[in-house]
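In short: position in the sequence shown from 1, add 119, done, that's this note's numbering.
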Amino acid sequence: MKKKIFIILILLFNILIPISAEELEEPTPEPVLQDITPGGPEISAEAAILIDAKTGMVLYRKNADDRKEPASITKIMTVYLATLNLDDETYIKASQDAIFGFDRNSSHIWLTPDENVRAIDLEYASFLSSANDASNMLAEGVSNTQGDFVNLMNQTVVELGLNNTHFTNAHGLSDFDHYTSAYDMAMITRAALKNEKFKTIFETKSYEMPPTNKQESKRLFANGNNMIKNGEFYYEYATGGKIGWTPEAGYTMVTTASKDNMDLIAVVLGVFEKDDRYKDTKALFEYGFSNYKTMVIKGDEIQVETVEIKKDGKLWATANFSVDVNFNILLPFNADESKVTTSTEIRHKEDPNKIEGYVIINIDGQKAGEAIMNKEVEIYDISFKATTLPLIELALDYFSIFVLGLFLLASFVKLTRKAKIPE
């Protein structure tokens, strides 16, 4: 009994005597791991990337694979797919869902149901004015329904080999399952800029949309990226861009710049002070232009590739890949050019409509970028079952020999008969 009372007193003593904060062992906080290029600029964006537009080589990255909401830079994919699938003069009629199927407090150009608008006008409206109604109309114009267009967007993401992007709409308004990464968005932009019509839209500062069947006045659109127009954040080397914002995503921006034969793409995501997206992007460009040099890769030194594509055992197509011009790659100023090597890689080898060849640029054994090769594809008719193309060629050879044999035999018989006729 005395022992129990003694233990209770000890416990009460420990409870009643206060312990100072110094005597408590504070837990060691877990380090916050960030994927940041050493020696790069300090920027406020939660995620960012700078790449060489020609090769896709990454020059700077900060949390570049983190999934973030893109906001309206989503429209880069939307307009890109529209330019691929719609003729400029195609008229699209506005549906109720296209016009009212989004938060009307967000960006739109007051299109009305049954308004007929050309695809080219909708593309500029979507990109320059960030019009969500125009984006929905483009989606329906390409795929009939917005849902099917979203499927096309995600299919394109897969075809580009990207792993951290998923779209749920064509305009970019916030959704839990609508996300991208700085790296993925840079690669989407790089792919889109290879399309000349998209590139023209991307680099346009303003556009005037003509009247429609529902609107008698012209509509004027201006690119919201302040790096390409006169003002506080004008950047002389900037060539085009797209901005975005939602409360959830913060400020997002994709911008291109060119200087001294260097073409760069910068992406910033998760910026929460409006002006910082411009400051961050300028810092990225200045870093790229100041720390990298160009090196010429000679086209005639790249190996020519020929690929035979077969289907059901038959020769379906032949694809030839080559490089007929020199091209530039970017290297850090202190890089050893002797450690730069190239190789070729053929993708989608089973499909003549998708097959592509790439020059892979390696620096000290590590892949640094890639450039697409010229392509010539010849597709053969294999709809019949009689034979394959090689067998056809073999049969023609035998037939030619047979005909030649008959000719020689006939000539021999004729000469023999002639020899027997008395003079």
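No residue lacks a Cβ here, since even glycine has one placed at the ideal position from N, Cα and C.
Since the model is a prediction, treat every value here as computed from it, not as a measurement.
Could you give the first and the last residue of the continuous beta strand (DSSP E) run that contains residue i?
| i | result |
| --- | --- |
| Arg544 | Residue 544 lies beyond the range of the chain shown here (120 to 542); nothing can be said about it. |
| Asn255 | Where Asn255 is concerned, there is no enclosing beta strand (DSSP E), although the alpha helix (DSSP H) it sits in stretches over Asn251 to Ser262. |
| Glu497 | Asn493 to Ile498 |
| Ala436 | Lys433 to Ser441 |
| Asn235 | Asn235 to Arg237 |
| Lys316 | It is not in any beta strand (DSSP E) - Lys316 instead sits in the alpha helix (DSSP H) that spans Glu315 to Phe321. |
| Asn273 | Counting along the chain, Asn273 falls outside any beta strand (DSSP E), though it belongs to the alpha helix (DSSP H) covering Gln265 to Glu278. |
| Asp171 | Ala166 to Asp171 |
| Glu327 | Ser325 to Met328 |
| Leu450 | Phe446 to Pro451 |
With DSSP collapsed to three states, give me the class of residue i.
| i | result |
| --- | --- |
| Ile347 | helix |
| Gly363 | strand |
| Gly159 | coil |
| Asn481 | strand |
| Pro146 | With a pLDDT of 47 at Pro146, under the threshold of 50, the predicted position of this residue should be treated as unreliable, and no value is reported. |
| Glu141 | Caution is warranted here: a pLDDT of 35 is assigned to Glu141, below 50, making its placement in the model unreliable, and no coordinate value can be reported. |
| Arg180 | strand |
| Arg396 | helix |
| Gly220 | coil |
| Ile293 | First, the amino acid is wrong: residue 293 is Ser here, not Ile. Coil. |
| Val423 | coil |
| Lys91 | Given that the chain is displayed from residue 120 to residue 542, the structure contains no residue 91 and the question cannot be resolved. |
| Ile211 | strand |
| Ile540 | With a pLDDT of 46 at Ile540, under the threshold of 50, the modelled position of that residue is not reliable, and the figure given next carries that caveat. Ile540: coil per DSSP, three-state reduction. |
| Gly524 | helix |
| Ile368 | Sequence check: residue 368 is Ala here, not Ile. DSSP places Ala368 in coil when its eight states are reduced to three. |
| Asn288 | coil |
| Lys417 | coil |
Quick check on the burial criterion: 16 or more other C-beta atoms within 10 angstroms. Buried or exposed for residue i?
| i | result |
| --- | --- |
| Gly158 | exposed |
| Leu143 | Residue placement at Leu143 is flagged as unreliable, the pLDDT there being 37, under the threshold of 50; a coordinate-derived value is accordingly withheld. |
| Lys324 | exposed |
| Ala505 | Bear in mind that the predicted position of Ala505 carries a pLDDT of just 44, short of 50, making it unreliable; the figure below should be weighed with that in mind. So Ala505 counts as exposed. |
| Asn380 | exposed |
| Pro366 | exposed |
| Arg180 | buried |
| Gly260 | buried |
Does the distance between the C-beta of residue i and the nearest non-hydrogen atom of the ligand ZN fall short of 7 Å?
| i | result |
| --- | --- |
| Gln274 | Although the ligand ZN was asked about, the structure shown includes no ligands whatsoever. |
Candidates the options: which alpha carbon is nearest residue i's?
| i | options | result |
| --- | --- | --- |
| Ala172 | Ser502, Lys494, Asn493 and Gly488 | Gly488 |
| Gln334 | Asp419, Asn235 and Gln422 | Asn235 |
| Val415 | Ile155, Phe521 and Leu450 | Leu450 |
| Asn288 | Asn224, Ala217 and Val386 | Ala217 |
| Met196 | Tyr411, Asn270 and Ile480 | Asn270 |
| Asn273 | Tyr370, Leu200, Asn332 and Thr319 | Leu200 |
| Val496 | Glu427, Asp267, Lys398 and Thr202 | Glu427 |
| Phe268 | Thr331, His290, Gly343 and Asn439 | His290 |
Starting from residue i, trace the alpha helix (DSSP H) both ways and give me its first and last residue.
| i | result |
| --- | --- |
| Thr197 | Lys194 to Asn204 |
| Ser462 | Note, Ser462: premise wrong, no alpha helix (DSSP H); beta strand (DSSP E) at Val459 to Arg466. |
| Thr308 | Ala301 to Ala311 |
Please check the pair residue i and residue j, which I expect to be a contact at CB under 8 Å, by giving their CB distance rounded to whole angstroms.
| i | j | result |
| --- | --- | --- |
| Arg186 | Ser293 | No, Arg186 and Ser293 are not in contact; Cβ-Cβ is about 14 Å, not under 8 Å. |
| Ala376 | Ala357 | 5 Å |
Please tell me whether residue i has its Cβ less than 8 Å away from any Cβ of chain B.
| i | result |
| --- | --- |
| Lys458 | Among the chains of the structure shown, chain B does not appear; only one protein chain is present. |
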